[in-house]
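Undergrad: Read top to bottom, the protein sequences are chains W, S, B and V. Everything in the first sequence is counted per the numbering used here, starting at 1 for the first residue and increasing by one. Everything in the second sequence is counted per the numbering used here, starting at 1 for the first residue and increasing by one. Everything in the third sequence is counted per the numbering used here, starting at 1 for the first residue and increasing by one. Everything in the fourth sequence is counted per the numbering used here, starting at 1 for the first residue and increasing by one.
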Amino acid sequence: MSNNSSHITEYKVLGRILLILMFFTFATISVTSFNLASFTVTVALLIAGIKGYFVLSYFMHLKYENLLLRILVGMIFVLFALIVLITFIDYSYR
Amino acid sequence: MSNEVNKIEYVSYLEHQGRFKGLKSWIFATDHKRIALLYMYAIAAFFFIGALLGLLMRFELIAPGETIMKAQTYNGLFTVHGVIMIFMVVIPGLSAVFGNFFLPILIGAKDVAFPRLNLFSWWIFVFGSVLAVASQFLKSGPPDTGWTFYAPYSTTTGTSVIIATTAAFILGFSSILTGLNFLVTVHQMRAPGMKFFNMPLFPWAIYATAWIQLLATPIVGITLLMLIAERLFGIGFFDPNLGGDPVLFQHLFWIYSHPAVYIMILPAMGVITEIVPTFCQRKVYGYKAIALSSLAIAGVGFLVWGHHMYTSGMSENARWFFSLLTFIVAVPSAIKVFNWISTMYKGSIDLKPPFLFALAFIFLFIIGGTTGLILGSVATNIQVHDTSFIVAHFHYIIFGGMGFAFFAAIHYWLPKMYGRLYNFRRANIACIIMFIGFNTLYFPQFVIGIQGMPRRYFDYLPQFQTGHMISTIGGVILIFGLFYMLINLIKGARKGPKAPANPWNGSTLEWQIPSPPSLENFDEPFEVKANPYDYK
Amino acid sequence: MMSEKVTHIEEHRDDAASKLGMWLFIFTELLLFGGLFLVYSIYRAQYPANFHEASLELSVTIGAVNTIVLLFSSMTIAMALTAMQKNNKKLALRLILVTLLMALVFLVNKYFEWGAKFHHGLYPGSDLMALLERGHLLYFSLYFFMTGLHAFHIIVGMILLIVVYFKVKNGSIHFEKYFLLENGALYWHLVDLIWIFLFPLMYLIT
Amino acid sequence: MFSNASNFVHGVDKAFLIIFGISLFFLILLTTIMIVFVVKYNKKRHPKAVQIKDSSLLEFTWTAIPMILVLFMFYVGWEGFLPMRQAPADALNVKVIGRMWKWTFEYPGKKQSDTLVLPINKAARMELFSKDVIHGFFIPTFRVKEDVVPGKKNYTWFIPGELGDFDLLCSAYCGLSHSYMSAVVRIVPEDVFTKWLAKLPVSKVDENNEGYKLVEKNGCFSCHSIDGAKLVGPTFKDMYGSSIDVMTNGTRHKITVDDEYIKNSILDPNKDVVDGYAPGIMKSYTGLIKDKDIPKISEYFKTLKAK
Ligand code: HEA
Ligand code: HEA
Ligand code: CUA
Ligand SMILES: [Cu+2]
Numbered sequence: 001m002s003n004n005s006s007h008i009t010e011y012k013v014l015g016r017i018l019l020i021l022m023f024f025t026f027a028t029i030s031v032t033s034f035n036l037a038s039f040t041v042t043v044a045l046l047i048a049g050i051k052g053y054f055v056l057s058y059f060m061h062l063k064y065e066n067l068l069l070r071i072l073v074g075m076i077f078v079l080f081a082l083i084v085l086i087t088f089i090d091y092s093y094r
Numbered sequence: 001m002s003n004e005v006n007k008i009e010y011v012s013y014l015e016h017q018g019r020f021k022g023l024k025s026w027i028f029a030t031d032h033k034r035i036a037l038l039y040m041y042a043i044a045a046f047f048f049i050g051a052l053l054g055l056l057m058r059f060e061l062i063a064p065g066e067t068i069m070k071a072q073t074y075n076g077l078f079t080v081h082g083v084i085m086i087f088m089v090v091i092p093g094l095s096a097v098f099g100n101f102f103l104p105i106l107i108g109a110k111d112v113a114f115p116r117l118n119l120f121s122w123w124i125f126v127f128g129s130v131l132a133v134a135s136q137f138l139k140s141g142p143p144d145t146g147w148t149f150y151a152p153y154s155t156t157t158g159t160s161v162i163i164a165t166t167a168a169f170i171l172g173f174s175s176i177l178t179g180l181n182f183l184v185t186v187h188q189m190r191a192p193g194m195k196f197f198n199m200p201l202f203p204w205a206i207y208a209t210a211w212i213q214l215l216a217t218p219i220v221g222i223t224l225l226m227l228i229a230e231r232l233f234g235i236g237f238f239d240p241n242l243g244g245d246p247v248l249f250q251h252l253f254w255i256y257s258h259p260a261v262y263i264m265i266l267p268a269m270g271v272i273t274e275i276v277p278t279f280c281q282r283k284v285y286g287y288k289a290i291a292l293s294s295l296a297i298a299g300v301g302f303l304v305w306g307h308h309m310y311t312s313g314m315s316e317n318a319r320w321f322f323s324l325l326t327f328i329v330a331v332p333s334a335i336k337v338f339n340w341i342s343t344m345y346k347g348s349i350d351l352k353p354p355f356l357f358a359l360a361f362i363f364l365f366i367i368g369g370t371t372g373l374i375l376g377s378v379a380t381n382i383q384v385h386d387t388s389f390i391v392a393h394f395h396y397i398i399f400g401g402m403g404f405a406f407f408a409a410i411h412y413w414l415p416k417m418y419g420r421l422y423n424f425r426r427a428n429i430a431c432i433i434m435f436i437g438f439n440t441l442y443f444p445q446f447v448i449g450i451q452g453m454p455r456r457y458f459d460y461l462p463q464f465q466t467g468h469m470i471s472t473i474g475g476v477i478l479i480f481g482l483f484y485m486l487i488n489l490i491k492g493a494r495k496g497p498k499a500p501a502n503p504w505n506g507s508t509l510e511w512q513i514p515s516p517p518s519l520e521n522f523d524e525p526f527e528v529k530a531n532p533y534d535y536k
Numbered sequence: 001m002m003s004e005k006v007t008h009i010e011e012h013r014d015d016a017a018s019k020l021g022m023w024l025f026i027f028t029e030l031l032l033f034g035g036l037f038l039v040y041s042i043y044r045a046q047y048p049a050n051f052h053e054a055s056l057e058l059s060v061t062i063g064a065v066n067t068i069v070l071l072f073s074s075m076t077i078a079m080a081l082t083a084m085q086k087n088n089k090k091l092a093l094r095l096i097l098v099t100l101l102m103a104l105v106f107l108v109n110k111y112f113e114w115g116a117k118f119h120h121g122l123y124p125g126s127d128l129m130a131l132l133e134r135g136h137l138l139y140f141s142l143y144f145f146m147t148g149l150h151a152f153h154i155i156v157g158m159i160l161l162i163v164v165y166f167k168v169k170n171g172s173i174h175f176e177k178y179f180l181l182e183n184g185a186l187y188w189h190l191v192d193l194i195w196i197f198l199f200p201l202m203y204l205i206t
Numbered sequence: 001m002f003s004n005a006s007n008f009v010h011g012v013d014k015a016f017l018i019i020f021g022i023s024l025f026f027l028i029l030l031t032t033i034m035i036v037f038v039v040k041y042n043k044k045r046h047p048k049a050v051q052i053k054d055s056s057l058l059e060f061t062w063t064a065i066p067m068i069l070v071l072f073m074f075y076v077g078w079e080g081f082l083p084m085r086q087a088p089a090d091a092l093n094v095k096v097i098g099r100m101w102k103w104t105f106e107y108p109g110k111k112q113s114d115t116l117v118l119p120i121n122k123a124a125r126m127e128l129f130s131k132d133v134i135h136g137f138f139i140p141t142f143r144v145k146e147d148v149v150p151g152k153k154n155y156t157w158f159i160p161g162e163l164g165d166f167d168l169l170c171s172a173y174c175g176l177s178h179s180y181m182s183a184v185v186r187i188v189p190e191d192v193f194t195k196w197l198a199k200l201p202v203s204k205v206d207e208n209n210e211g212y213k214l215v216e217k218n219g220c221f222s223c224h225s226i227d228g229a230k231l232v233g234p235t236f237k238d239m240y241g242s243s244i245d246v247m248t249n250g251t252r253h254k255i256t257v258d259d260e261y262i263k264n265s266i267l268d269p270n271k272d273v274v275d276g277y278a279p280g281i282m283k284s285y286t287g288l289i290k291d292k293d294i295p296k297i298s299e300y301f302k303t304l305k306a307k
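(1) Please check if any C-beta of chain V sits within less than 8 Å of the C-beta of residue 77/S.
(2) Give the interface partners of residue 89/W over in chain S, defined as CB-CB distance under 8 Å, in chain order.
(3) Taking all protein chains shown into account, do 16 or more other C-beta atoms lie within 10 angstroms of the C-beta of residue 83/B, making it buried, or fewer, making it exposed?
(4) Could you pull out every residue in the same chain whose Cβ sits closer than 8 Å to the Cβ of residue 3/S, ignoring the five residues on either side in sequence?
(5) Does any residue of chain S bring its CB to less than 8 Å from the CB of residue 39/B?
(6) Hey, would you say the C-beta of residue 81/S is under 7 Å away from at least one heavy atom of ligand 2?
(7) Check the Cβ of residue 78/B against every Cβ in chain W and list those closer than 7 Å, keeping chain order.
(8) Here's a check: name, in chain order, each residue in its chain whose Cβ is nearer than 6 Å to the Cβ of residue 136/B, leaving out the five neighbours to either side.
(9) For residue 494/S, count neighbouring C-beta atoms within 10 Å of its own C-beta (all shown protein chains included) and say buried if the count is 16 or more, exposed if not.
(10) Which full runs of the alpha helix (DSSP H) of 4+ residues lie inside the segment 346-396 of chain S, going along the chain?
(11) Give every residue of the same chain whose Cβ lies closer than 7 Å to the Cβ of residue 109/B, excluding the five residues on either side of it in the sequence, and list them in chain order.
(12) For residue 329/V, does the count of other Cβ atoms within 10 angstroms reach 16, so buried, or fall short, so exposed?
(13) Quick one: residues in its chain with C-beta nearer than 7 Å to the C-beta of residue 39/S, no 5 flanking neighbours on either side, listed in chain order?
(14) Taking just the CA atoms, how far does residue 77/S sit from residue 281/V?
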């Protein structure tokens with residue numbers, strides 16, 4: 001009857017996700033304390049991206065949502081990335 | 001009562017008795033049709049105010065020198081004129097009025113997904129609008145920045161910029177909520193069995209528009225918030241004195257405001273796409289091409305904002321990039337025009353008022369659109385940027401495009417909305433007068449623009465006087481047409497002859513239900529057809 | 001296949017619709033912050049050295065603690081949803097409370113962090129701010145604005161969760177109809193998500 | 001065919017002609033087709049509509065042709081624009097200073113002029129500076145326009161090709177007297193230019209006075225004169241110590257100009273508004289001028305009193 005074919009995420013899974021997230025948090029802190037020059041931003045953002053992926057997929061149940069919504073969420077990030085990139089076409093060539 | 005369970009008696013939404021009576025039954029209505037009318041009345045009122053300000057500007061410009069007002073007043077006028085017209089008239093315009101009324105009907109739903117949110121959006125809209133109009137009368141004087149609020153002028157001028165930007169922020173919120181509501185409606189409320197490609201094209205246009213509303217508006221929201229914070233707390237973002245970068249403001253502003261112009265025009269194109277087939281008695285030509293071109297415009301439209309900034313000192317690479325994309329986004333518009341005209345081929349054309357307005361729309365839109373190409377090309381933009389050529393371009397495409405589409409829509413759907421007909425001959429005459437007035441008003445501005453008449457000029461060099469004078473005369477003609485049309489419409493809506501359910505022999509879903517519709521639109525079950533233009 | 005008859009008034013598809021609505025709303029929030037991240041990245045690219053120096057003013061420890069607090073609260077609210085789905089009302093209520101508590105901890109931390117800055121005369125519009133180098137000035141402007149806006153979202157999220165708490169308590173959210181809790185949780189995760197990006201960008205600049 | 005007012009006219013006007021040409025072609029073509037259809041397939045003459053199937057080939061054609069045309073138009077526009085960003089290295093450098101609502105042109109050697117005088121047929125490079133808000137450096141006849149953005153370096157250049165006077169306008173909206181922010185561009189033969197430049201006096205400013213520096217830096221002189229002329233705001237000459245009428249919340253009263261009043265006028269100019277002037281024109285300088293600097297300005301105003 002109810003059409004949200006709800007997936008129930010077990011407590012255990014959630015707990016494990018938290019551990020992963022914590023691990024990555026410490027990873028960023030320790031990575032950025034070394035000086036990897038211009039790579040640090042990239043690494044920091046990459047790690048933040050991975051963390052974001054876990055939050056979106058498990059905490060926000062995106063993994064179990066329909067394909068459409070998953071595509072839409074992806075598109076938002078792509079759109080934002082495009083906007084930033086295009087703005088940089090101006091700023092990096094001045 | 002008990003033996004009437006299966007037989008629902010027809011009561012039009014205009015007469016339906018809900019929880020409230022009188023005025024309250026309107027301003028607290030959650031019925032999408034009543035909300036649509038609420039929007040229409042509010043927008044018409046603001047349109048009237050905005051247009052009056054426009055006319056005052058025209059009288060000021062009839063001759064060089066100070067004619068009827070001071071420079072400061074003039075600067076306030078075009079700002080408030082721009083803010084009212086953009087944020088309060090054309091951005092909500094078609095989607096909030098006709099989208100609200102006909103989107104649910106055309107997809108076979110009884111209302112939008114969140115009726116109460118819908119009402120809430122209207123209230124926010126009214127609140128924001130009142131604030132915007134109030135900024136005109138506050139002690140520190142009307143805001144004088146232009147509707148673009150460019151920093152650092154806007155962060156330093158002494159006028160009530162904060163109120164105006166707050167108003168724009170609130171209006172943006174209303175726009176987001178409307179867009180959100182329509183998106184969910186289209187995704188969740190389609191009649192069972194109706195697929196996306198079984199929807200008529202007006203819902204498609206509204207759907208594409210709603211995406212822009214949802215995704216672009218937050219950016220201007222945050223930009224205006226930053227501006228407000230800069231003025232209130234001296235947080236530096238855009239004012240070079242506080243460390244900021246004024247050009248970045250322009251980027252952020254246009255990241256929203258360019259897509260916003262497609263918020264204005266997409267529903268207008270949707271309306272035309274409904275009207276043309278009906279009065280040609282043909283199925284629309286190139287259904288898929290039109291549907292997909294709406295999405296293409298919405299998508300690519302996000303990436304061309306920089307064409308408003310060619311002279312701002314952007315890098316050369318950015319200039320060619322934006323120019324190229326601007327030209328590419330013009331193509332889907334061209335596709336639509338070609339499909340409309342092909343729909344007329346071998347049709348059986350009935351020159352009723354909605355169709356006449358639609359023809360005027362196509363003509364004016366071509367002029368507005370192709371002058372957009374002049375602007376999109378970097379070399380020519382250098383000459384006409386910030387001149388009255390721009391003013392002419394966007395009045396052609398906004399007023400000539402979206403405005404005439406609005407008029408077409410009201411003439412098309414008024415019989416359904418009020419259940420009455422207006423006088424066709426008078427409506428046609430009004431259309432012709434407005435068409436003439438419109439061209440007289442704005443065409444000269446192209447000419448003086450190329451010759452170098454800057455915009456936002458309170459006073460000007462004598463060589464531009466002829467152009468300005470013709471233009472003002474055109475404004476007066478236009479007003480006569482507008483009033484003539486308005487009176488005819490009001491008379492029709494109140495006392496006109498009763499309209500049948502399907503006065504135009506139309507083939508979309510809304511003509512299958514009585515005029516005016518009942519509260520829940522569909523009292524009788526209907527069958528979903530594969531082709532949305534097959535309901536007859 | 002096209003001829004399903006549509007009977008009068010279809011049943012309300014509340015939950016699916018409101019979940020989609022919530023997601024769309026989250027999109028707008030993401031782009032709202034997106035605008036700020038854009039400004040941030042432009043200025044950071046222009047004044048990398050200044051941004052690095054200025055970021056040293058912030059305590060990585062406080063930032064890290066707050067990150068963990070938020071991550072933890074994100075988990076507890078997700079668990080509250082699981083509890084609700086399993087019809088364990090009592091546990092759900094407790095977990096919501098824990099989440100709220102974590103939110104409070106976050107805010108208190110933030111309060112001390114901001115307070116220390118104010119104490120040193122570092123706040124928007126202060127004389128000290130005006131003397132700073134351009135890049136420093138921009139960094140702190142962004143810092144106050146972004147974390148301020150984020151804190152505002154925390155407060156909104158808390159209000160939302162308090163409402164949800166009472167709705168669970170009085171039974172209007174129950175194990176067959178819990179989309180309000182689900183939406184509240186979604187919003188809370190959004191707040192967390194934004195912080196995940198704010199933290200390295202504000203605190204860990206080299 | 002094209003005027004020779006500057007070296008850009010050719011490229012720009014060519015782009016105009018080509019784009020207008022294509023536009024006009026489509027406008028006339030499509031309008032004619034529309035009218036023909038409306039007449040030919042009118043209900044009376046053509047009572048039964050004929051349904052026609054969509055054709056992918058047709059859709060493809062009218063996507064491809066405009067696509068080619070727009071790419072062509074883009075190219076023409078870009079070609080006309082490109083030289084505008086390629087200033088030759090030996091160009092004459094002129095610093096253009098835009099401030100509310102006046103243009104000043106500074107030639108090498110700190111020589112300032114209100115008229116932009118340039119030698120014919122010689123490349124001139126304009127370094128654009130703004131003292132306050134964004135202005136637009138616009139010479140219509142030359143097809144030259146570039147924004148003057150505060151806090152950013154920007155430039156434009158051109159080679160004037162005709163003798164005479166031309167209008168220089170401010171194209172970017174910059175407040176009250178935006179429409180009066182114009183200047184004259186005078187193109188003269190090379191020898192005339194050299195003589196003129198030699199005679200142009202080096203700008204002399206009372207550079208030692210602290211107060212003067214502040215007033216100059218904040219652009220007060222665009223609205224206030226020191227010679228008694230009434231510009232946008234009242235003159236500073238003889239202002240200090242005089243007694244004037246001001247409006248406060250709509251009521252008129254007399255006030256003596258002293259240190260306190262000057263401080264208020266700078267930080268909250270719209271509270272007491274000098275009679276005869278509109279409120280909202282002068283902005284508050286809170287945050288821009290520091291409190292401790294205001295007495296210096298007062299001191300400077302004292303020096304403007306007639307002895
Ligand atoms: C409804 C609103 C609307 C719409 C739809 C458009 C549509 C377009 N606009 Fe316009 N524009 C505005 C509203 C709008 N504009 C406003 C308000 C401003 C000024 C803002 C301000 O500064 O205050 C502005 C300013 C503006 C500028 C900046 C000018 C400047 O300040 O320097 C530019 C530059 O590229 C531009 C370009 C275009 C283009 C290329 C299109 C295209 O989408 C047009 C596409 C349409 C067609 C091309 C016509 C149909 C096609 C044919 C007839 C077939 C033939 C065509 C081909 C062969 C391609 N517009
Ligand atoms: C929807 C958009 C819209 C519309 C319809 C109009 C309509 C008009 N505008 Fe427009 N205008 C803008 C949007 C619009 N404008 C914007 C965005 C700007 C830029 C601002 C800026 O620079 O910041 C601008 C700027 C602008 C300028 C340039 C100012 C300058 O740069 O110096 C001028 C000058 O002539 C002008 C004049 C007019 C005139 C005479 C009308 C007339 O067409 C109006 C005549 C109509 C009437 C008087 C109608 C009376 C009303 C009724 C009878 C009610 C009917 C209601 C219903 C049927 C619903 N406008
Ligand atoms: Cu200076 Cu307009
Ligand atoms: Cu645009």
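In this text, a Cβ means the ideal position worked out from N, Cα and C, and glycines have one as well. All of these numbers come straight from a predicted model, not from anything done at the bench.
TA: Put simply:
(1) Cβ-Cβ to chain V under 8 Å: no for residue 77/S.
(2) Contact note: residue 89/W reaches chain S through 315, 317, 318, 321, using a C-beta cutoff of 8 Å and chain order.
(3) Flag for residue 83/B reads buried.
(4) Because residue 3/S carries a pLDDT of 41, less than 50, the predicted location of this residue cannot be relied on, and the following value inherits that uncertainty. Nothing listed; no residue qualifies.
(5) So, interface residue.
(6) Distance from the C-beta of residue 81/S to the nearest heavy atom of ligand 2 is below 7 Å.
(7) Per Cβ cutoff of 7 Å: 9, 14, 59.
(8) If you ignore the 5 residues before and after residue 136/B, its C-beta comes within less than 6 Å of the C-beta of 50, 54, all in its own chain and listed in chain order.
(9) When all chains shown are included, residue 494/S counts as exposed.
(10) For the segment 346-396 of chain S, whole alpha helix (DSSP H) runs of length 4 or above, ordered along the chain, are 353-376, 378-384, 388-394.
(11) Once the five neighbours on either side are set aside, the close Cβ partners of residue 109/B are 62, 65, 66.
(12) In the structure as shown, chain V starts at 1 and stops at 307, and residue 329/V therefore has no counterpart that could be examined.
(13) Spatial neighbours of residue 39/S in its own chain (CB-CB distance under 7 Å, excluding positions within 5 residues in sequence) are listed in chain order as 92, 96, 97, 100, 122.
(14) Near 15 Å, if we compare the C-alpha coordinates of residue 77/S and residue 281/V.
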